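K.L.:
Chains as they are written, first to last, in our numbering: chain V, 28 to 314; chain F, 888 to 1562.
Don't be surprised by glycine CBs; every beta carbon is placed ideally from N, CA and C.
Note that the coordinates shown come from a computational prediction; the quantities given were computed from them, not determined experimentally.
After the structure tokens below, expect a handful of questions from me.
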Amino acid sequence: MNDSTQSTPKGTVAQERIAVLRKNKAFVVGSSILIFWIICAIFGKLIARYEIDQMDFEATYAAPSGKYWFGTDGLGQDIYSRVIIGSRLIILIAFSATALGTAVGASIGLIAGYLKGTFDMILMRILEAISAIPVIIVALLAIAAVGGSSTIITILIIGFIFAPNVARTIRAAVLAEAEYEYVAAAKLRSEKTSHILFKEILPNVMPTLIVEFTVRLGYAIFAVATLSFLGAGVEAGSPDWGTQVADTWSLIFSNTYWPTLFPAIAIASLAVSINLISDGLLEVFEL
Amino acid sequence: MTPPTLELRDLRVTYTVRGIDRQVLRGVSLSIAPGESYGLVGESGCGKSTAAFAAMRYLPRNGKIAEGSILFEGQDMTLMSDPEVASLRTSAISMIYQNPLSALNPTIRIGHQLAEVFRLNGHSKEEAFVLAGEALQRVHIADPEKVMRRYPHHLSGGMAQRVVIAMALASNPRLLVMDEPTTGLDATVEAEVLDLVRELRRDTGTAVLFISHNLGVIRHMCDRVGVLYAGSIVEQGKTADLFSNPSHPYTVGLLRCIPRGGLHKNTDRLDTIPGTPPALGAQLNGCVFADRCAHVEEACRAATPDLVAVGESHTVRCIFHSKSASLPRAIDSLSVSDADQNDQRVKGSRLLDIDHLSKAFTQDGHSVQVVNDVSMKVGVGETLGLVGESGAGKTTIAKLILGLTGFDADSHIVLDGKELAGTLNKRSVQDVGAMQIVFQNPDQALNRRHSVTHIVSRAVQKLGGLSASDSTTRARELLSSMRVDISLHAARPLQLSGGLKQRVAIARAFAGAPQLVVCDEPTSALDVSVQATILNLLVDLQKKDGTSFIFISHDLGVVRYISDKIAVLYLGRIVEYGDSSQVFQGPHHPYTEALLSSVPNIDGSIRKRIPLTGVIPSPSNPPSGCVLHPRCSRMAGSGVEHLCTSTEPALNEVEPGHFMRCHIPLDQLRTVQTQ
Chain V
28 MNDSTQSTPK GTVAQERIAV LRKNKAFVVG SSILIFWIIC AIFGKLIARY
78 EIDQMDFEAT YAAPSGKYWF GTDGLGQDIY SRVIIGSRLI ILIAFSATAL
128 GTAVGASIGL IAGYLKGTFD MILMRILEAI SAIPVIIVAL LAIAAVGGSS
178 TIITILIIGF IFAPNVARTI RAAVLAEAEY EYVAAAKLRS EKTSHILFKE
228 ILPNVMPTLI VEFTVRLGYA IFAVATLSFL GAGVEAGSPD WGTQVADTWS
278 LIFSNTYWPT LFPAIAIASL AVSINLISDG LLEVFEL
Chain F
888 MTPPTLELRD LRVTYTVRGI DRQVLRGVSL SIAPGESYGL VGESGCGKST
938 AAFAAMRYLP RNGKIAEGSI LFEGQDMTLM SDPEVASLRT SAISMIYQNP
988 LSALNPTIRI GHQLAEVFRL NGHSKEEAFV LAGEALQRVH IADPEKVMRR
1038 YPHHLSGGMA QRVVIAMALA SNPRLLVMDE PTTGLDATVE AEVLDLVREL
1088 RRDTGTAVLF ISHNLGVIRH MCDRVGVLYA GSIVEQGKTA DLFSNPSHPY
1138 TVGLLRCIPR GGLHKNTDRL DTIPGTPPAL GAQLNGCVFA DRCAHVEEAC
1188 RAATPDLVAV GESHTVRCIF HSKSASLPRA IDSLSVSDAD QNDQRVKGSR
1238 LLDIDHLSKA FTQDGHSVQV VNDVSMKVGV GETLGLVGES GAGKTTIAKL
1288 ILGLTGFDAD SHIVLDGKEL AGTLNKRSVQ DVGAMQIVFQ NPDQALNRRH
1338 SVTHIVSRAV QKLGGLSASD STTRARELLS SMRVDISLHA ARPLQLSGGL
1388 KQRVAIARAF AGAPQLVVCD EPTSALDVSV QATILNLLVD LQKKDGTSFI
1438 FISHDLGVVR YISDKIAVLY LGRIVEYGDS SQVFQGPHHP YTEALLSSVP
1488 NIDGSIRKRI PLTGVIPSPS NPPSGCVLHP RCSRMAGSGV EHLCTSTEPA
1538 LNEVEPGHFM RCHIPLDQLR TVQTQ
């Protein structure tokens, strides 16, 4: 006999976490909204009621009705369809940019936090300098320099600007983690540094990384919407929420609110959903 | 007749964890008379701390009193309003926690914190400061004025605990609840704090509820003892009765697990208690101990056994208490014989030579000598025990040997005839793999994101040179030989108990058949019954494979049990070194003597304590002469005081194989120590 008679069923912790998440109202509401928009982004064509560039010159600025649920814009295009289809671009850009920023930032954070010393110090000073630059201004300048809006450029710029923040958060987590003795145990079996970083330490900072990803995603959505509102960020003519708001916001004063209201609600709902999700995750991971 | 100071009547406490109410105390009844000291002992998770908090009606937010009552001087605290309870806590009941530094506010000076307690009890600001100074004097703080101006982080653990005690006594409480008050402290400091508590109790007549996992401490501090198991008091009685005549199988088992003076791995195997305590809130029918009891019969599971009186005020909750003394051993008393050794290595032949090992760290531009000219040898199949107070350099020496920290020039470590480089990346893969470590805290030593099999198979792969597929098979075998059940191989470390985690860590350390394993306090985070199984496992592995150990522990009983040789360290220096029997039987170095005398032993014999006064000096500013001289109790009257204060003694061979760093001649030490 020994002390192995007591066993806990496999996967209990993960199962309990999921159970807690399902009870967390913020997380449930947030993920429902996000799932809705992801479905729109993927299957938008099936949900939309008209082609996005189909114009009805009989009904420009038509108020919401049975025919046009969210009304139409100045070209007689169906706003409902444009909002649904418009989710694709913002989600694509925001997710890609955040993924890029998180991947680059996490790698830098891991290396800096593990190696410490002079390398860490120099790297972190550079990153601090980068993160002092305002996102929108750099993006506008870069787009002007490249000569024209492009999805790829937007993704690269937002990713570049986000990386330092992610790196700093991950570095702090790695600094604590590297003191743990499982790292010493790995060194005592002559593991390569890359193995220690990515196989030993990375899984343990994953909760921090996931939460950081969702937080950055929320910022990215704002950044993309802001850029397209300012006329940069996406190719002209795309059914983009920020562009739609930018094109029509002055009409609010003449009571033609619908071309602005519905894309604005869409932006807000997506941003709020991401924040709700990250709140829920924070609670579950007990960070 | 005066009512008892504290009485718990059939107290049931539940914690709500993830939405489910889990029972932690299952009907605890006890009473503490005015001026009495009551000890509550048991393994972790049995509800000791919950009982302490319940005594103040101060449960965590998710805890609630489901049934029963808490009577303080006859008044039921469960019926009181919150302000009434709060006023009791300021004026009549005080609590002392395990970690004194977390009980003190780090941003407020000691004087202010202490004075605040007096002000709460109605004194003016000026009076409060005067009283605070007096309170510090009462707990033997030499320079109260100076200490009052300090912040908590300026104080050592022992000093901080004195301040906490002064604070707890400020209101002249009628009840003092102490929850593991000395657990984080060194043995020498622990002994001083316990002496202080005993003295204050004699002067003030305060009733004490004393909670500890350490049976020796309870034995010395308490008039009566209750043994708590799974939230239920299974045995209760006068301390001497209970220790001399334990009547519950759990108490019997607990006492048998402890490596007491004299037991040694070569002749004795430690007994264990099979199984583990039930999980928090588990549904238990009948006797709470039934699942782990060798005497269990159907009647035990049918209904909760009644309390039976087995002596004057000695009660036990066991149907078969009369045969508890003859409880069969959980494991064979015979140790694995040396003949079972299946290795070609010759026991005792030379394995590791450490010569003039030194390490200086640079701190704020100053060089701090943490390890100072340490030389020792470890033979094949031998255990070298390292003992000393915290800060003596034990763990640093382990890291230097393993190469996790580089040693200074002119230090030499020779393993099996090969001189080793200082750092890991300059050592060959074989040399790195030849020495492994088992850490104190398996929670940090095992990667919590990896499965048990992965942890061990990776070690087999890298250290044993097996392919990925072979390594999984080998890892399974290895884990099974460590008696980690196959059903747990896919689990993550978090899902295992402390003892199981340590088994996995041991399996990992032994994955590549190392020549030497450093065990850095491998059992100090574990309960005594689990400690016994882990020590047995280590001894078996050593006998089977001829592995050598460097065993670091602050528990002298454990070190004595497992070691062949002992090195006693003080301030990064070896002060005594020799065979285990020589070091323990004496004559001792004055420091070793003080260490040994500070251990509260469970057989209850009163031993004259050799005080080790004052704090451990900082290695950045060591005392002149012999580094021990400011704290040495044998220097005065030795006739060599001038040498002690001026010249550092060399490590001399005083008997064959027995080394000591002391100016006092051996015969003189022998004479004073046998008096």
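With a CB to CB cut of under 7 angstroms and the five nearest residues on each side skipped, what residues in its chain are close to S108(V)?
P.N.:
Result list for S108(V): A75, R76, Y77, I79, in chain order.
K.L.:
Consider the Cβ of A211(V): report whether some Cβ of chain F lies at a distance smaller than 8 angstroms.
P.N.:
So yes, A211(V) belongs to the interface.
K.L.:
Output, in chain order, the set of chain V residues within a Cβ distance shorter than 7 angstroms of E1346(F).
P.N.:
In the sequence on display, residue 1346(F) carries Ala and not Glu. Residues of chain V passing the Cβ test: R216.
K.L.:
How is Y209(V) classed by DSSP in three states: helix, strand or coil?
P.N.:
Three-state DSSP puts Y209(V) in a helix.
K.L.:
Could I get the ranges of all uninterrupted beta strand (DSSP E) runs contained in the region 1229 to 1304 of chain F, with 3 residues as the minimum, in chain order?
P.N.:
Those beta strand (DSSP E) runs which fall completely within the region 1229 to 1304 of chain F and span 3+ residues are 1237 to 1250, 1253 to 1266, 1270 to 1274, 1299 to 1302.
K.L.:
Does chain F have any CB closer than 8 angstroms to the CB of P234(V)?
P.N.:
Answer no: the Cβ-Cβ gap between P234(V) and chain F never drops below 8 angstroms.
K.L.:
Would DSSP call K94(V) helix, strand or coil?
P.N.:
If DSSP states are grouped into helix, strand and coil, K94(V) belongs with coil.
K.L.:
So, is the C-beta of N231(V) closer than 8 angstroms to a C-beta in chain F?
P.N.:
Yes, N231(V) lies at the interface with chain F (some Cβ there is under 8 angstroms from its Cβ).
K.L.:
Compute the beta-carbon to beta-carbon distance between K1125(F) and H1201(F), rounded to the nearest angstrom, for a pair I have assumed lies under 8 angstroms.
P.N.:
So it is a contact: roughly 7 angstroms between Cβ atoms.
K.L.:
Give me the DSSP bridge partner(s) of C1406(F).
P.N.:
V1325(F), F1438(F), per the DSSP bridge assignment.
K.L.:
Between L1438(F) and G1278(F), is the Cβ-Cβ spacing less than 8 angstroms?
P.N.:
At residue 1438(F) the sequence reads Phe, which differs from the Leu that was named. Contact: no.
K.L.:
Note down, in chain order, each residue of its chain lying with its Cβ closer than 6 angstroms to the Cβ of V311(V), except the 5 sequence neighbours on either side.
P.N.:
Same-chain partners within the cutoff: R44, V47, L48.
K.L.:
Under the assumption that Q1402(F) contacts D1303(F) (Cβ atoms under 8 angstroms), give the Cβ distance between them as a whole number of angstroms.
P.N.:
Sure, about 7 angstroms apart at Cβ, within 8 angstroms.
K.L.:
Kindly indicate if chain F contains any beta-carbon less than 8 angstroms away from that of Y207(V).
P.N.:
Yes - at least one Cβ of chain F is within 8 angstroms of the one on Y207(V).
K.L.:
Considering only C-alpha positions, which residue in the set W268(V), T235(V), M233(V) is nearest to A250(V)?
P.N.:
When only C-alpha atoms are compared, the closest one is W268(V).
K.L.:
Can you check whether the CB of L1365(F) is closer than 8 angstroms to the CB of A1412(F)?
P.N.:
Going by C-beta atoms, A1412(F) is not nearer than 8 angstroms to L1365(F).
K.L.:
Could you have a look at N1539(F) and say whether DSSP puts it in helix, strand or coil?
P.N.:
Three-state DSSP puts N1539(F) in a strand.
K.L.:
Output, in chain order, the set of chain F residues within a Cβ distance shorter than 9 angstroms of E43(V).
P.N.:
Correct list: R905.
K.L.:
Mind checking which residues open and close the alpha helix (DSSP H) that includes I170(V)?
P.N.:
Per DSSP, I170(V) belongs to the alpha helix (DSSP H) from 162 to 173.
K.L.:
For R905(F), count neighbouring Cβ atoms within 10 angstroms of its own Cβ and tell me buried if that reaches 16, exposed if not.
P.N.:
Classification for R905(F): exposed.
K.L.:
Whole angstroms are fine: how far does the CA of R1363(F) sit from the CA of T1340(F)?
P.N.:
One C-alpha to the other measures close to 7 angstroms.
K.L.:
Helix, strand or coil for Q1429(F)? Go by DSSP, reduced to three states.
P.N.:
DSSP places Q1429(F) in helix when its eight states are reduced to three.
K.L.:
Tell me the rounded alpha-carbon separation between R1061(F) and M1054(F).
P.N.:
For R1061(F) and M1054(F), the distance between alpha carbons rounds to 14 angstroms.
K.L.:
Using a Cβ-Cβ cut-off of less than 8 angstroms, list which residues of the region 1308 to 1330 of chain F approach chain V; keep chain order.
P.N.:
Per Cβ criterion, the list reads L1311, V1316, V1319, G1320, M1322, Q1323, I1324, F1326, N1328.
K.L.:
Determine the burial state of M1065(F): buried for a count of at least 16 other Cβ atoms within 10 Å of its Cβ, exposed for fewer.
P.N.:
Looking at its Cβ environment, which holds 16 or more other Cβ atoms inside 10 Å, M1065(F) is buried.
K.L.:
State the beta-bridge partners of F1546(F) as determined by DSSP.
P.N.:
F1546(F) is bridged to Y1464(F), E1540(F).
K.L.:
Scan the region 1042 to 1078 of chain F and note each continuous beta strand (DSSP E) run of 3 residues or more that stays entirely inside, going in chain order.
P.N.:
Those beta strand (DSSP E) runs which fall completely within the region 1042 to 1078 of chain F and span 3+ residues are 1062 to 1066.
K.L.:
So, at 8 angstroms on beta carbons, what are the nonlocal neighbours of E1306(F) in its own chain, with the 5 sequence-adjacent residues on each side left out?
P.N.:
Result list for E1306(F): H1299, I1300, in chain order.
K.L.:
Closer than 8 angstroms is the cut-off here; do at least three beta carbon pairs connect the region 903 to 920 of chain F with the region 943 to 959 of chain F?
P.N.:
Segments in contact, yes.
K.L.:
So, does the region 1083 to 1099 of chain F touch the region 1169 to 1181 of chain F, judging by three or more C-beta pairs under 8 angstroms?
P.N.:
No, they do not touch.
K.L.:
With a threshold of 8 angstroms between beta-carbons, can L1063(F) be considered close to chain V, or not?
P.N.:
By this cut-off, L1063(F) is not an interface position.
K.L.:
Apart from the five residues on each side of it in sequence, which residues of its chain come closer than 7 angstroms, Cβ to Cβ, to V165(V)?
P.N.:
Counting only Cβ-Cβ distances below 7 angstroms, and skipping sequence neighbours, we find I184, I188.
K.L.:
What separation, rounded to the nearest whole angstrom, lies between the Cα atoms of F1436(F) and L1424(F)?
P.N.:
Each residue's Cα considered, the two are about 13 angstroms apart.
K.L.:
Straight-line CA distance for E923(F) to D897(F)?
P.N.:
Each residue's Cα considered, the two are about 21 angstroms apart.
K.L.:
Just to confirm before moving on: does the CB-CB distance between A273(V) and F289(V) stay below 8 angstroms?
P.N.:
No. Outside cutoff.
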